[in-house]
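Colleague: Handing you a structure now.
Residue numbers (UniProt numbering): 1 to 820.
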């Protein structure tokens with residue numbers, strides 16, 4: 001059956017098409033045009049219709065079968081679906097790759113077997129004939145549009161060039177195999193062959209094969225390595241510098257001739273050669289890490305030359321216009337910086353830190369002064385920041401350790417000195433390292449952030465001075481005073497950081513800095529009391545100034561002073577108590593009272609929360625330190641309950657807190673009663689029940705719509721239940737049972753008299769349980785048949801009553817149904 005859709009044939013002249021053709025090589029018909037794609041799909045649709053029509057020929061035709069209507073429009077052609085296997089160009093490329101490999105292997109075998117039997121002329125003729133034939137065939141196939149075949153034979157040609165050089169070495173026409181000269185000859189031959197073959201393809205066939213363009217770059221690296229191996233003492237730097245220049249020339253040649261692959265491959269080779277040059281310069285001068293030897297033996301000159309060579313990519317206009325154009329400039333700047341730093345690497349850790357920090361500072365200042373140079377200055381700045389970062393981490397860690405091991409809390413005098421020692425670097429260089437890093441960050445960030453970074457940097461510099469002083473053994477008070485002063489200034493002045501909430505953030509930073517300084521002063525009671533008192537006064541001042549200030553949307557930073565004030569006040573009072581020698585058990589009560597007074601006076605939610613979190617700890621420590629724990633616990637609970645009740649009474653928003661205060665007072669009473677040996681439950685629950693009943697009675701009188709269950713039931717249950725449980729579990733014949741029964745009777749009569757449900761229910765239930773408990777001894781002596789008879793009688797009465805109610809309900813329902 002005929003096939004209309006033939007992708008391998010021209011639809012016009014029928015010529016055989018090459019792989020992935022752009023146009024027909026015979027008639028010039030364009031094959032990449034959208035109409036060509038539509039034509040191929042239409043022909044495929046025709047093949048499908050023909051196949052279906054042929055399939056209907058074996059079926060007997062019916063009289064009603066449709067006939068072809070020439071005037072009818074054919075349906076739209078569907079695109080031909082191809083399988084997911086190998087593409088049209090994959091198979092020939094695979095075959096050509098295998099063929100090229102076989103040809104190269106055959107050439108190697110031929111030369112190995114027949115080389116000795118051929119004379120000099122025969123060898124020369126065979127090598128030249130094979131290489132030339134492969135090159136000519138590659139160019140010819142390229143002209144015919146067979147790109148894959150041309151690439152394969154181009155690879156064969158380059159492989160034969162390698163065999164040519166090997167043969168020449170065996171014949172004595174070239175340096176021996178493995179020598180530096182052989183590498184030079186091999187690299188030069190490959191580079192020349194790749195360039196020549198690329199030029200032939202471009203000139204004769206108008207093609208740009210990939211394989212020949214890939215070879216010159218690696219061949220250049222081979223030549224540079226071989227030249228450097230000739231004289232490792234002096235020629236190695238020159239060889240790799242020449243390789244960088246030659247690679248730049250190849251890049252320019254590729255740009256001029258339009259060989260894009262050559263351009264990219266040469267650029268990669270140039271980058272590799274430049275990196276090798278830098279490594280070689282550093283490695284060759286590793287034993288010359290002094291200023292005189294570094295410059296006298298040419299190491300510095302070669303490093304400067306490498307830095308200059310790093311700028312070669314900027315000669316290309318397209319590179320200068322790219323966003324990564326700063327990379328070569330940054331690399332060159334890093335090379336110049338390395339020229340300066342390298343001479344100091346053998347002078348000790350302090351000199352290395354000073355030189356690298358100075359380098360970082362210089363490039364950071366360049367970025368600050370010339371913002372357009374920021375990407376260039378960032379490279380060397382970041383590259384040489386490593387020693388400064390290491391020094392900051394090590395020295396700050398040592399300083400922190402020295403400050404933390406000054407002594408236990410309240411164990412030393414105010415004149416104590418910090419016992420610290422700086423490892424590796426001089427302690428004073430901590431300030432230098434921090435300054436360099438702050439300048440680096442200032443140079444890297446945008447101008448909008450520089451003010452905030454500058455303020456943070458000033459804080460870090462202050463901490464660096466503190467750390468250096470700690471490592472030098474300065475007095476603790478002298479070290480903490482400036483840090484504390486800076487924190488207090490931030491709290492009091494509210495320095496703006498330039499943002500919407502910048503001032504509030506400044507207060508937060510001040511609280512953190514001041515709190516850290518006060519915490520570090522804990523080994524000395526005098527220093528701690530002074531620091532915490534100053535911080536508490538500053539927070540109180542800030543809190544008083546912020547009263548009535550409108551709260552802006554966003555983070556609630558203004559709450560920080562209110563949250564921190566109770567903690568600072570508690571720490572100040574505790575430290576002051578240590579200074580004056582106040583007993584710990586008394587100190588806890590004093591702190592508790594003053595914190596409660598603070599909450600009552602300030603009346604802010606944040607202060608209340610902080611007091612609730614801080615005060616219990618002071619009270620707990622005071623209770624545990626007392627000689628009589630139960631008495632101290634009762635006193636502290638009484639103080640806490642009274643303060644909570646006062647806070648609730650002075651602020652309508654805190655009325656519910658009165659219940660918590662009452663519970664604390666009740667707990668204090670229970671602790672004291674337990675300490676006195678009181679066992680009667682009424683002594684523990686009676687006062688609280690009385691308070692609940694009074695409060696409920698007042699609410700019930702003031703709110704006519706309120707129910708007795710919501711107002712009186714808690715107090716009644718608390719008043720009756722403990723006594724009832726005591727009677728039920730103990731002797732029912734007692735004065736407590738008599739009084740409880742009388743009380744239940746009064747509750748029932750009073751509730752019925754005034755119409756309150758809660759006393760009626762509580763009195764009835766408690767009285768019934770009390771009566772049953774009184775009857776329990778006699779019920780045990782009653783014969784079982786009496787109990788059964790009583791139960792049966794009760795069940796019968798209930799059943800009769802139930803049935804009568806159901807009958808009455810049915811009668812009433814019938815009556816309602818008869819109503820109109």
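Using N, Cα and C, we set each Cβ at its ideal position, and we do this for glycine too. Keep in mind the model is a prediction, meaning the values are calculated, not measured.
Given residue 699, which residues of its chain have a CB within under 8 Å of its CB, disregarding the five upstream and five downstream residues?
Modeller: Taking the chain shown and counting its residues from 1, the one referred to as residue 699 is at position 699. Counting only Cβ-Cβ distances below 8 Å, and skipping sequence neighbours, we find 706, 711.
Colleague: Which whole-angstrom value describes the C-beta separation of residue 312 and residue 402, a residue pair presumed to lie in contact below a C-beta threshold of 8 Å?
Modeller: Locating residue 312 in the chain shown gives position 312, counting from the first residue. Locating residue 402 in the chain shown gives position 402, counting from the first residue. Rounded, the Cβ-Cβ distance is 52 Å, inconsistent with contact.
Colleague: Per DSSP, residue 9 forms a beta bridge with which residues?
Modeller: Walking along the chain shown from the start, residue 9 turns up at place 9. Note: residue 9 sits in a beta bridge opposite 16.
Colleague: Taking just the CA atoms, how far does residue 430 sit from residue 327?
Modeller: Looking up residue 327 in the chain shown gives position 327. Looking up residue 430 in the chain shown gives position 430. Roughly 31 Å separates the two Cα atoms.
Colleague: Kindly indicate which three-state DSSP category residue 804 falls into: helix, strand or coil?
Modeller: Stepping through the chain shown from its first residue, residue 804 is reached at position 804. In the structure shown, residue 804 sits in a helix (DSSP, three-state: H, G or I).
Colleague: Alpha carbon to alpha carbon, how far is residue 216 from residue 249? Give it in angstroms, no decimals.
Modeller: Position 249 of the chain shown, counting from 1, holds the residue named residue 249. Position 216 of the chain shown, counting from 1, holds the residue named residue 216. Going from the Cα of residue 249 to the Cα of residue 216 covers about 11 Å.
Colleague: Look at the alpha carbon of residue 195 and the alpha carbon of residue 213, and state the distance between them as a whole number of angstroms.
Modeller: Start at 1 with the first residue of the chain shown, and residue 195 comes out as number 195. Start at 1 with the first residue of the chain shown, and residue 213 comes out as number 213. The straight-line gap from Cα to Cα measures roughly 7 Å.
Colleague: In its own chain, which residues sit with a C-beta less than 6 Å from the C-beta of residue 83, not counting the 5 before and 5 after it?
Modeller: If you number the chain shown from 1, residue 83 lands on position 83. Any reading at residue 83 needs caution, since the residue's pLDDT is 41, under 50, leaving its predicted position unreliable; the model's value is listed next. Excluding sequence neighbours, residue 83 sits near nothing in its chain.
Colleague: Out of 42, 535, 28, which one is the CA nearest neighbour of residue 509?
Modeller: Taking the first residue of the chain shown as 1, we reach residue 509 at position 509. Looking at the Cα atoms, 535 is the closest of the given residues.
Colleague: Given a cut-off of 8 Å on the beta-carbon distance, is the pair residue 645 and residue 662 in contact?
Modeller: Along the chain shown, read from residue 1 onward, the residue named residue 645 stands at position 645. Along the chain shown, read from residue 1 onward, the residue named residue 662 stands at position 662. Contact: yes.
Colleague: Look at residue 314 and residue 331 and say whether their C-beta atoms are less than 8 Å apart.
Modeller: On the chain shown, residue 314 is found 314 positions in, with the first residue counted as 1. On the chain shown, residue 331 is found 331 positions in, with the first residue counted as 1. The answer is no: Cβ separation not under 8 Å.
Colleague: Could you check how far apart the C-beta atoms of residue 462 and residue 436 are, in whole angstroms? I think they sit under 8 Å.
Modeller: For the purposes of this step, residue 462 is taken as residue 462 along the chain shown, with counting starting at 1. For the purposes of this step, residue 436 is taken as residue 436 along the chain shown, with counting starting at 1. With a Cβ gap of about 16 Å, residue 462 and residue 436 do not count as contacting.
Colleague: Could you tell me which whole beta strand (DSSP E) segments of length 3 or greater appear in the region 572–652?
Modeller: With a minimum length of 3 residues, no continuous beta strand (DSSP E) run stays inside the region 572–652.
Colleague: Measuring straight from C-alpha to C-alpha, what distance separates residue 201 and residue 260?
Modeller: As a position in the chain shown, residue 201 is number 201, starting the count at 1. As a position in the chain shown, residue 260 is number 260, starting the count at 1. Approximately 14 Å between the Cα atoms of the pair.
Colleague: Taking contact to mean 3 or more Cβ pairs, one atom from each stretch, closer than 8 Å, check whether the region 598–612 and the region 622–639 are in contact.
Modeller: no
Colleague: Buried or exposed, going by whether 16 or more other CB atoms sit within 10 Å of the CB of residue 408?
Modeller: Here residue 408 refers to the residue found at position 408 of the chain shown. It is exposed - the Cβ of residue 408 has fewer than 16 other Cβ atoms within 10 Å.
Colleague: Using only the alpha-carbon positions, how far apart do residue 175 and residue 126 sit?
Modeller: Residue mapping note: residue 175 aligns to position 175 of the chain shown, counting from 1. Residue mapping note: residue 126 aligns to position 126 of the chain shown, counting from 1. CA-CA distance, residue 175 to residue 126, rounds to 21 Å.
Colleague: Relative to the C-alpha of residue 145, which residue among 197, 154, 207, 180 is closest?
Modeller: Residue 145 sits at position 145 when you count from the first residue of the chain shown. Of the candidates 197, 154, 207, 180, the one whose C-alpha sits nearest the C-alpha of residue 145 is 207.
Colleague: By DSSP's criteria, residue 23 is part of a beta bridge. Which residues make up the other side?
Modeller: Along the chain shown, one-based indexing puts residue 23 at 23. Note: residue 23 sits in a beta bridge opposite 30.
Colleague: So, does the region 237–248 touch the region 154–174, judging by three or more C-beta pairs under 8 Å?
Modeller: no
Colleague: Residues in the same chain with beta-carbon distance under 7 Å from residue 692, minus the five sequence neighbours each way, listed in chain order, please.
Modeller: Here residue 692 refers to the residue found at position 692 when the chain shown is read from its first residue. Hits under 7 Å: 714, 715, 718.
Colleague: Relative to the C-alpha of residue 133, which residue among 741, 657, 157, 493 is closest?
Modeller: If you number the chain shown from 1, residue 133 lands on position 133. Of the listed residues, the one whose Cα sits closest to residue 133 is 157.
Colleague: According to DSSP, simplified to helix, strand and coil, what is residue 380?
Modeller: By one-based count along the chain shown, residue 380 stands at place 380. Judged by DSSP in its simplified three-state form, residue 380 adopts helix.
Colleague: Give the straight-line distance between the Cα atoms of residue 744 and residue 761, rounded to the nearest whole angstrom.
Modeller: Counting from one through the chain shown, the residue named residue 744 turns up at place 744. Counting from one through the chain shown, the residue named residue 761 turns up at place 761. C-alpha separation (whole angstroms): 10 Å.
Colleague: Helix or strand or just coil, what does DSSP make of residue 405?
Modeller: Residue 405 sits at position 405 when you count from the first residue of the chain shown. Coil at residue 405, not helix or strand.
Colleague: Does the contact criterion of 3 or more C-beta pairs under 8 Å hold for the region 377–391 versus the region 439–448?
Modeller: Counting Cβ pairs under 8 Å, three or more are found: they touch.
Colleague: Between residue 521 and the rest of its own chain, which residues show a CB-CB distance below 6 Å, the 5 nearest in sequence each way excluded?
Modeller: For the purposes of this step, residue 521 is identified with residue 521 of the chain shown, where counting begins at 1. Taken in chain order, the residues that qualify are 480, 527, 528, 531.
Colleague: Please report the straight-line C-alpha distance between residue 618 and residue 414, rounded to a whole angstrom.
Modeller: By 1-based counting over the chain shown, the position of residue 618 is 618. By 1-based counting over the chain shown, the position of residue 414 is 414. Each residue's alpha carbon lies about 24 Å from the other.
Colleague: Are there three or more Cβ pairs, one per stretch, closer than 8 Å when the region 272–288 is compared with the region 302–310?
Modeller: yes
Colleague: Does the distance from the CB of residue 828 to the CB of residue 218 come in under 8 Å?
Modeller: Given a span of 1 to 820 for the chain in the structure shown, any question on residue 828 remains unanswerable.
Colleague: With 16 other CB atoms within 10 Å as the buried threshold, where does residue 277 fall?
Modeller: Position 277 of the chain shown holds residue 277. Counting C-beta atoms within 10 angstroms of its own C-beta, residue 277 has 16 or more neighbours from the protein chains shown and is therefore classed as buried.
Colleague: Between the Cα of residue 765 and those of 753, 754, 755, 747, spot the shortest distance and give me the residue it belongs to.
Modeller: In the chain shown, the residue the question calls residue 765 occupies position 765. When only C-alpha atoms are compared, the closest one is 747.
Colleague: Cβ atoms of residue 473 and residue 420: under 8 Å apart, would you say?
Modeller: As a first step, residue 420 must be located in the chain shown, where it is residue number 420. As a first step, residue 473 must be located in the chain shown, where it is residue number 473. Yes, the pair counts as a contact, with Cβ atoms nearer than the cut-off.
Colleague: Am I right that residue 365 and residue 467 are in contact with their C-beta atoms under 8 Å? What's the rounded C-beta distance?
Modeller: Your numbering for residue 365 matches position 365 in the chain shown. Your numbering for residue 467 matches position 467 in the chain shown. Not quite, the Cβ-Cβ distance comes to about 25 Å (not below 8 Å), so this is no contact.
Colleague: Output the distance between the C-alpha atoms of residue 182 and residue 225, rounded to the nearest integer angstrom.
Modeller: Taking the first residue of the chain shown as 1, we reach residue 182 at position 182. Taking the first residue of the chain shown as 1, we reach residue 225 at position 225. Rounded to the nearest whole angstrom, the CA to CA distance from residue 182 to residue 225 is 11 Å.
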